[in-house]
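Chemist: Note that the working numbering has the sequence shown beginning at 44, numbered continuously upward.
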Amino acid sequence: MNVRGLWLSDITAVAMTVFTSRHVARFKIATRLGRRAREILHIPQTTRRVWPPLHPALSSTTTTRTFRESAPISGSGSGSEPPPKPEDGAPQPLFNRAIESAVTTFASVLVLGVGFAAAGYVYHKAYKHMQLAKIENAFKPGDPVLELAAFGKEIPSPPMPQHWVQREEQSKIDAIIDGSERGHYYLIMGDKGCGKSSMLLEGMRKIEGEGCAMFEAHSDLELFRIRLGKALDYEFHEDYIGGYFSERGPRDTTALLDIERAMNKLEKVALRHRERKKKPLIVIINQTQLIRDDDDGRDLLELLQQRAEQWAAANLVTMIFNTDDYWVLERFKQLATRMEIIPVMDLPKQQALSALQRYRFRYFKEVLDNQTLEDVYDRVGGRLSFLNRVAKSRDMLGTCDSIMETEKTWFLNQCWILGSEMDDDVMDQQKWASAAMVLAQALVDKEEEMDKTYDAETGHVLPSYPMHKAQQIMTRSDFIRELDRLNLFTITSSAQVRASSVPMHRAFKEICAEPGFRQYLTETLDRIADIESLGRTRELVAKDLVLGGIYCISKALGGGGKLEVKLKQKEEEDEDGT
Numbered sequence: 044m045n046v047r048g049l050w051l052s053d054i055t056a057v058a059m060t061v062f063t064s065r066h067v068a069r070f071k072i073a074t075r076l077g078r079r080a081r082e083i084l085h086i087p088q089t090t091r092r093v094w095p096p097l098h099p100a101l102s103s104t105t106t107t108r109t110f111r112e113s114a115p116i117s118g119s120g121s122g123s124e125p126p127p128k129p130e131d132g133a134p135q136p137l138f139n140r141a142i143e144s145a146v147t148t149f150a151s152v153l154v155l156g157v158g159f160a161a162a163g164y165v166y167h168k169a170y171k172h173m174q175l176a177k178i179e180n181a182f183k184p185g186d187p188v189l190e191l192a193a194f195g196k197e198i199p200s201p202p203m204p205q206h207w208v209q210r211e212e213q214s215k216i217d218a219i220i221d222g223s224e225r226g227h228y229y230l231i232m233g234d235k236g237c238g239k240s241s242m243l244l245e246g247m248r249k250i251e252g253e254g255c256a257m258f259e260a261h262s263d264l265e266l267f268r269i270r271l272g273k274a275l276d277y278e279f280h281e282d283y284i285g286g287y288f289s290e291r292g293p294r295d296t297t298a299l300l301d302i303e304r305a306m307n308k309l310e311k312v313a314l315r316h317r318e319r320k321k322k323p324l325i326v327i328i329n330q331t332q333l334i335r336d337d338d339d340g341r342d343l344l345e346l347l348q349q350r351a352e353q354w355a356a357a358n359l360v361t362m363i364f365n366t367d368d369y370w371v372l373e374r375f376k377q378l379a380t381r382m383e384i385i386p387v388m389d390l391p392k393q394q395a396l397s398a399l400q401r402y403r404f405r406y407f408k409e410v411l412d413n414q415t416l417e418d419v420y421d422r423v424g425g426r427l428s429f430l431n432r433v434a435k436s437r438d439m440l441g442t443c444d445s446i447m448e449t450e451k452t453w454f455l456n457q458c459w460i461l462g463s464e465m466d467d468d469v470m471d472q473q474k475w476a477s478a479a480m481v482l483a484q485a486l487v488d489k490e491e492e493m494d495k496t497y498d499a500e501t502g503h504v505l506p507s508y509p510m511h512k513a514q515q516i517m518t519r520s521d522f523i524r525e526l527d528r529l530n531l532f533t534i535t536s537s538a539q540v541r542a543s544s545v546p547m548h549r550a551f552k553e554i555c556a557e558p559g560f561r562q563y564l565t566e567t568l569d570r571i572a573d574i575e576s577l578g579r580t581r582e583l584v585a586k587d588l589v590l591g592g593i594y595c596i597s598k599a600l601g602g603g604g605k606l607e608v609k610l611k612q613k614e615e616e617d618e619d620g621t
């Protein structure tokens, strides 16, 4: 039993010795780290007792002393020296911390700056790529303009032959829109309602709008910009959020510069389209006459024409301008080298009769006799808008007369003259009105002198004057363009001035045939001349003619055309009357 107890006590002592050595080594490492922390933070040395203490039953005489010693945290043993104290006035620890903070701040700012710059650059490139993709998508098959036209005109899908009147110009329009005709840009001119826009829409329908974009012009440049952007699916950087990356957006500018930017984007898309399809894009600007004839409007037309010239030469984009007024041609004529003019007139007689028959059958399933067709054509001519309106009416001849009365009322409201009793305050307006009446009278008189005013094949032959001759008749050169804008007279692509339509010419004839009209027009012109004469006359008042004095006016001696004016007073009589 003693031997066994001695053997167990020896084993226990050895185990406790191993455990004690490991435990002391662990605390030596901890105290070494603590000492280093106190050296940096200048914490005074303290002592701590080892915790938790060993159980008394497990301690031996060789280990109890070791575990009960107080171990300083800052020392690794009883022979360790105290840490060196920093020298007075040495800011080494604070300087190190400042450098560390500065480096950390600089690194943070650098990472943020590079990150935002990279994000802004990537967004900018992605945004530009997306813009070009959206413009390309705008020229894919299917156009909103075609859908609106189909709903508005009740065109079935596919359209039947009786829903369309084939004109001679349609084949050329189709060749332009499908890309067969290239190297030019085109100006389509014609009166309002003669079918210009319908031909363009028909040409787009045949190719399902692929490679075509069409929009309406407007007098306001901002609205013109918005409509151009809608047709091209271009937002003009209005959805650009580059400002979040501290980059100034390009939208802070004028409408004209925005239109120029849109043209630049369109040019890039056209280059890609030409490489793939081997044909140009088509851009149609409808109702170009709505652009104002002022500085801004002329600048816009100049910008569009310059682009049209460049793109036509490179076969990139074919631009088509549709207009009712002559002043657009005058503006384009100054810089035009690749422009072609496509005049669109009223339908000839046979085509007009065929169109009226189709319209009537579509609306009422009725086949008209030849006499009725002739009567309608004699009243409204070959204007498609008039023929369509008449075909929808139950009383066709009554509608024809109503159209003529509407045109007559419009002309009289704008240009009626006031006679010899007019006030001098309205003289400027009466100059314009009397000039229009004089021109209308001249056209009616010329019709009486013409050998033929009606042709069995072509139909009506309206009298006309060359533009310079019309200005001479009116004695003014600045009135005729305004009359063209109001659709009272028409200036054709060959600079011929005539009535705007057959009903308008009939209105001229009725007005000029009224009893006393010529005398009334003459009195108005005389009144205008008198008012102008009064404006050029100066009144001199002589105040020295008293007591019978007189002026003696005589020609000065020596000639030269000079006059002498002398005052001769009456001699005073004496008191006795002598």
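Virtual Cβ for every residue (Gly too), placed ideally from N, Cα, C.
Buried or exposed: which applies to Asp186, given that a residue is buried once 16 or more other Cβ atoms fall within 10 Å of its Cβ?
Modeler: Residue 186 sits at position 143 when you count from the first residue of the sequence shown. Buried, because 16 or more other Cβ atoms sit within 10 Å of the Cβ of Asp186.
Chemist: For Leu271 versus Leu299, is the C-beta spacing smaller than 8 Å?
Modeler: Taking the sequence shown and counting its residues from 1, the one referred to as residue 271 is at position 228. Taking the sequence shown and counting its residues from 1, the one referred to as residue 299 is at position 256. Not a contact, by the Cβ cut-off of 8 Å.
Chemist: Tell me where the alpha helix (DSSP H) around Ile554 begins and ends.
Modeler: As a working mapping, residue 554 is identified with position 511 in the sequence shown. Val545 to Cys555 is the span of the alpha helix (DSSP H), which, as asked, contains Ile554.
Chemist: Among Val165, Arg319 and Leu347, whose alpha-carbon lies nearest the alpha-carbon of Phe267?
Modeler: Counting from 1 along the sequence shown, the entry for residue 267 is found at position 224. With distances taken between Cα atoms, Phe267 lies closest to Leu347.
Chemist: Which residue's Cα is closest to the Cα of Glu553: Leu455, Leu526, Ala513 and Val152?
Modeler: Reading the sequence shown from its first residue, position 510 is the one you call residue 553. Ranking the options by Cα distance to Glu553, first place goes to Leu455.
Chemist: Is it buried or exposed for Phe375, if we count other Cβ within 10 angstroms and need 16 for buried?
Modeler: Numbered from its first residue, the sequence shown carries residue 375 at position 332. Classification for Phe375: buried.
Chemist: Anyone know if the C-beta pair for Val360 and Pro323 falls short of 8 Å?
Modeler: Working through the sequence shown from its first residue, we reach residue 360 at position 317. Working through the sequence shown from its first residue, we reach residue 323 at position 280. Their beta carbons are under 8 Å apart, which means Val360 touches Pro323 by this criterion.
Chemist: With burial defined as no fewer than 16 other Cβ atoms inside 10 Å of the residue's Cβ, what is the status of Arg315: buried or exposed?
Modeler: Mapped onto the sequence shown, residue 315 falls at position 272. Classification for Arg315: exposed.
Chemist: Leaving out five residues before and five after Gln473 in sequence, what residues of the same chain have Cβ atoms less than 7 Å from its Cβ?
Modeler: For the purposes of this step, residue 473 is identified with residue 430 of the sequence shown, where counting begins at 1. Correct list, in chain order: Ile460, Leu461, Met465, Thr567 and Ile571.
Chemist: Check for me: the alpha helix (DSSP H) holding Ser445 runs from which residue to which?
Modeler: In the sequence shown, the residue the question calls residue 445 occupies position 402. Unbroken alpha helix (DSSP H) run through Ser445: Met439 to Cys458.
Chemist: Using the rule of at least 16 other Cβ atoms within 10 Å of the residue's Cβ for burial, across every protein chain shown, is His98 buried or exposed?
Modeler: Within the sequence shown, numbered from 1, the residue matching residue 98 stands at position 55. Residue confidence is low: His98 scores 49 on pLDDT, short of 50, so the model does not pin down where it sits. Its coordinate-derived value is still stated next. When all chains shown are included, His98 counts as exposed.
Chemist: Does Val419 pass the burial test, meaning 16 or more other C-beta atoms within 10 Å, or should it be called exposed?
Modeler: For this step, residue 419 is matched to residue 376 along the sequence shown. Burial call: buried.
Chemist: By the DSSP assignment, the beta strand (DSSP E) with Arg541 in it spans what residues?
Modeler: One-based indexing of the sequence shown puts residue 541 at position 498. Unbroken beta strand (DSSP E) run through Arg541: Gln539 to Ala542.
Chemist: Helix, strand or coil, according to DSSP, for Asn431 in the structure here?
Modeler: Counting from one through the sequence shown, the residue named residue 431 turns up at place 388. The answer is helix: DSSP assigns Asn431 an H, G or I state.
Chemist: Residues bridged to Leu6 by DSSP?
Modeler: Because residue 6 is not part of the residues shown, which for the chain are 44 to 621, the question remains open.
Chemist: Determine contact between the region 273 to 282 and the region 138 to 157, defined as no fewer than three beta-carbon pairs at a distance below 8 Å.
Modeler: Output reads no: the region 138 to 157 does not touch the region 273 to 282.
Chemist: If you drop the 5 nearest sequence neighbours on each side, which residues of the same chain put their C-beta closer than 6 Å to that of Glu607?
Modeler: Translated into positions along the sequence shown, residue 607 becomes position 564. Within the same chain, Glu607 has close Cβ partners Ser597 and Ala599.
Chemist: Does the region 526 to 540 come into contact with the region 473 to 483, if we say contact requires no fewer than three beta-carbon pairs (one atom in each stretch) closer than 8 Å?
Modeler: Verdict: yes, contact present.
Chemist: In angstroms with no decimal places, state the Cα-to-Cα distance between Ala550 and Lys451.
Modeler: One-based indexing of the sequence shown puts residue 550 at position 507. One-based indexing of the sequence shown puts residue 451 at position 408. Cα to Cα, the separation comes out at about 5 Å.
Chemist: Determine, using beta-carbon pairs with one atom in the region 420 to 435 and one in the region 396 to 412, whether at least three such pairs fall under 8 Å.
Modeler: Flag = yes, the region 420 to 435 and the region 396 to 412 touch.
Chemist: In angstroms with no decimal places, state the Cα-to-Cα distance between Ser477 and Cys458.
Modeler: As a first step, residue 477 is located in the sequence shown; it is residue number 434 there, counting from the start. As a first step, residue 458 is located in the sequence shown; it is residue number 415 there, counting from the start. Rounded to the nearest angstrom, the two C-alpha atoms are 7 Å apart.
Chemist: Determine the extent of the alpha helix (DSSP H) in which Glu383 is found, giving its start and end residues.
Modeler: Along the sequence shown, read from residue 1 onward, the residue named residue 383 stands at position 340. First-last for Glu383: Met382 to Val387, but that is the beta strand (DSSP E), not the alpha helix (DSSP H).
Chemist: Using a Cβ-Cβ cut-off of 8 Å (strictly less than) and excluding sequence neighbours within five positions of Gly233, which residues of its own chain qualify?
Modeler: Walking along the sequence shown from the start, residue 233 turns up at place 190. Here the set comprises Lys239, Asp367, Pro386, Val387 and Met388.
Chemist: If the criterion is Cβ atoms closer than 8 Å, does the pair Val188 and Met257 meet it?
Modeler: In the sequence shown, the residue the question calls residue 188 occupies position 145. In the sequence shown, the residue the question calls residue 257 occupies position 214. Yes.
Chemist: Alpha carbon to alpha carbon, how far is Ile220 from Ile325? Give it in angstroms, no decimals.
Modeler: Here residue 325 refers to the residue found at position 282 of the sequence shown. Here residue 220 refers to the residue found at position 177 of the sequence shown. Rounded to whole angstroms, Ile325 to Ile220 spans 6 Å at the Cα level.
Chemist: Let me check understanding here. Comparing Cα to Cα, which of Gly246, Ser397, Gln394 and Ala356 lies closest to Met382?
Modeler: Taking the sequence shown and counting its residues from 1, one reaches residue 382 at position 339. Selected option, being the one with the closest Cα: Ala356.
Chemist: Thinking just about the alpha-carbon of each residue, which of Leu505, Cys555 and Trp453 is nearest to the one in Thr535?
Modeler: Here residue 535 is taken as the residue at index 492 of the sequence shown, counted from 1. For Thr535, the nearest C-alpha among the options comes from Leu505.
Chemist: For Trp354, tell me which candidate among Leu175, Tyr228 and Leu390 has the shortest Cα-Cα distance.
Modeler: In the sequence shown, counting from the first residue as 1, residue 354 sits at position 311. Ranking Leu175, Tyr228 and Leu390 by Cα distance to Trp354 puts Tyr228 first.
Chemist: How long is the line joining the alpha carbons of Leu610 and Ser576, rounded to whole angstroms?
Modeler: Numbered from 1 along the sequence shown, position 567 holds the residue referred to as residue 610. Numbered from 1 along the sequence shown, position 533 holds the residue referred to as residue 576. For Leu610 and Ser576, the distance between alpha carbons rounds to 29 Å.
Chemist: For Glu391, which of helix, strand or coil comes out of DSSP?
Modeler: Residue numbering aside, residue 391 sits at position 348 when the sequence shown is read from its first letter. Sequence inspection shows Pro at residue 391; the Glu mentioned does not correspond to that position. In this structure, Pro391 counts as coil in the three-state DSSP scheme.
Chemist: What are the boundary residues of the beta strand (DSSP E) that Asn365 is part of?
Modeler: Residue 365 sits at position 322 when you count from the first residue of the sequence shown. From DSSP, the beta strand (DSSP E) with Asn365 extends over Val360 to Thr366.
Chemist: Classify Phe522 as helix, strand or coil using the three-state DSSP reduction.
Modeler: Sequence index remark: in the sequence shown, residue 522 carries index 479 (1-based). Looking at Phe522 - three-state DSSP - the assignment turns out to be coil, as it is neither helix nor strand.
Chemist: Just verifying my parser: in three-state terms, what is the DSSP assignment at Leu51?
Modeler: Position 8 of the sequence shown, counted from the first residue, corresponds to residue 51. Any reading at Leu51 must be qualified, since the residue scores a pLDDT of 44, below 50, and its modelled position is unreliable; the value itself is stated next. The answer is helix: DSSP assigns Leu51 an H, G or I state.
Chemist: Counting along the chain, where does the alpha helix (DSSP H) carrying Tyr229 start and finish?
Modeler: Within the sequence shown, residue 229 is the residue found at index 186, counting from 1. Unbroken run through Tyr229 is the beta strand (DSSP E), Tyr228 to Gly233; no alpha helix (DSSP H).
Chemist: Can you name the start and end residues of the beta strand (DSSP E) that Leu324 belongs to?
Modeler: The residue given as residue 324 occupies position 281 in the sequence shown. Looking at the DSSP string, the run of the beta strand (DSSP E) that includes Leu324 is Leu324 to Asn329.
Chemist: Could you tell me the distance, in whole angstroms, from the CA atom of Leu244 to the CA atom of Val540?
Modeler: Here residue 244 refers to the residue found at position 201 of the sequence shown. Here residue 540 refers to the residue found at position 497 of the sequence shown. Computed Cα separation, rounded: 29 Å.
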